[in-house]
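S.K.: Under my numbering, think of the first position of the sequence shown as 71, with each following residue one higher.
Backbone N, C-alpha and C fix where the C-beta goes; we use that ideal spot for every residue, glycine too.
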Amino acid sequence: MTKRNEVEATNQAPFDVAKTEDADTGTTTGIINPVDYNIPSVPAPNKSDFHQLAKGLFLPRLTLEGSSSTNVKNDKVPKGTYIITTGRDTFEQLGPRVDVVVLSYRAKALDIRDEKNIIASYDKASPTFQELEKLAKNKVRKVLFGLEFLLWVPAFTAEVKFVSLYMGSATSRRASAGFSPMANPTKANEGNILKRQATLGWEKIVSPEHIWEGITIIPCNTPLHPLPTPQQWLDEVTKFLDLPKGDTVETVEAEEEESATAGGRER
71 MTKRNEVEAT NQAPFDVAKT EDADTGTTTG IINPVDYNIP SVPAPNKSDF
121 HQLAKGLFLP RLTLEGSSST NVKNDKVPKG TYIITTGRDT FEQLGPRVDV
171 VVLSYRAKAL DIRDEKNIIA SYDKASPTFQ ELEKLAKNKV RKVLFGLEFL
221 LWVPAFTAEV KFVSLYMGSA TSRRASAGFS PMANPTKANE GNILKRQATL
271 GWEKIVSPEH IWEGITIIPC NTPLHPLPTP QQWLDEVTKF LDLPKGDTVE
321 TVEAEEEESA TAGGRER
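#1: Any idea what DSSP makes of residue 195, helix, strand or coil?
#2: For residue 170, name the three-state secondary structure that DSSP assigns.
#3: Can you confirm whether the segment 211-230 touches the segment 175-189 when touching is taken to mean that 3 or more C-beta pairs between the two stretches lie within less than 8 angstroms?
#4: Any contact of the segment 273-292 with the segment 245-252, i.e. 3+ C-beta pairs under 8 angstroms?
#5: Roughly how many angstroms lie between the CA atoms of residue 296 and residue 208, to the nearest whole one?
#6: Let me check you understand the geometry: is the CB of residue 222 closer than 8 angstroms to at least one non-hydrogen atom of the ligand MN?
#7: Could you give the residue range of the beta strand (DSSP E) that holds residue 309?
#8: So, are the CB atoms of residue 193 and residue 177 less than 9 angstroms apart?
#9: Starting from residue 140, trace the alpha helix (DSSP H) both ways and give me its first and last residue.
#10: With DSSP run on the structure shown, which of helix, strand or coil describes residue 219?
#11: What is the rounded straight-line gap between the Cα of residue 272 and the Cα of residue 234?
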């Protein structure tokens with residue numbers, strides 16, 4: 071069977087129709103030619119609405135994948151790799167080092183023993199937070215407490231590059247002290263963004279019973295690009311610090327909150 075194609079502009083539609091005629095039957099069919107579609111001029115949508123609403127209720131999570139990580143055990147990434155988790159089964163692999171801008175931080179206690187009912191408490195004075203802190207210090211598995219940092223990661227391929235980094239194990243709590251100069255700049259350095267930059271790496275930690283990987287933090291003196299706009303910075307920090315007070319806890323879905331620090335152990 072042979073076919074003859076010709077594009078015929080019509081007055082009945084705002085686009086060109088590619089007409090295909092069957093040489094044997096003489097039947098003609100019309101197919102929209104998408105390349106020549108004359109899209110009408112319409113009001114533009116608000117682009118910021120898309121970025122604000124077409125996303126989940128949690129920040130993408132930056133984690134160091136150690137030897138106890140499910141991704142490492144399943145050969146998805148090598149140990150000592152930073153990833154940004156963007157969904158239940160999706161993540162972006164960064165590598166063994168990552169440059170960040172430290173924007174803010176908050177206290178957080180986390181109970182992930184029930185993966186379908188994860189509890190997070192952000193108020194150190196609340197009974198819930200204090201109970202979780204006590205359990206974590208007693209090495210109850212999958213109970214953690216520490217600081218959660220709001221970071222900007224220029225290497226993240228998303229258009230908006232805010233992520234959270236939760237440092238809730240004993241190892242990561244000790245390492246989080248390295249963020250102090252960036253997270254708490256002096257008055258003289260408040261306006262110097264270089265003083266808020268850090269490079270994250272990793273180290274192997276050895277004890278008589280275990281070997282695992284921990285985060286390292288050093289200053290980054292190389293100007294990073296791109297950076298958030300001042301308004302983006304203000305808006306994101308405001309949301310990040312807008313937390314329930316008192317004994318209120320937040321219940322989140324398992325796919326939206328988990329810990330990759332020491333496989334959920336207090337080490």
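M.R.: Well, looking at it:
#1: Per DSSP, reduced to three states, the secondary structure at residue 195 is coil, with no helix or strand assignment.
#2: strand
#3: yes
#4: yes
#5: 42 angstroms
#6: In the structure shown, the ligand MN is absent, as is every other ligand, since no ligand is present at all.
#7: No beta strand (DSSP E) holds residue 309; the alpha helix (DSSP H) holding it covers 300-310.
#8: The Cβ atoms of residue 193 and residue 177 lie closer than 9 angstroms to each other.
#9: 140-143
#10: strand
#11: 18 angstroms
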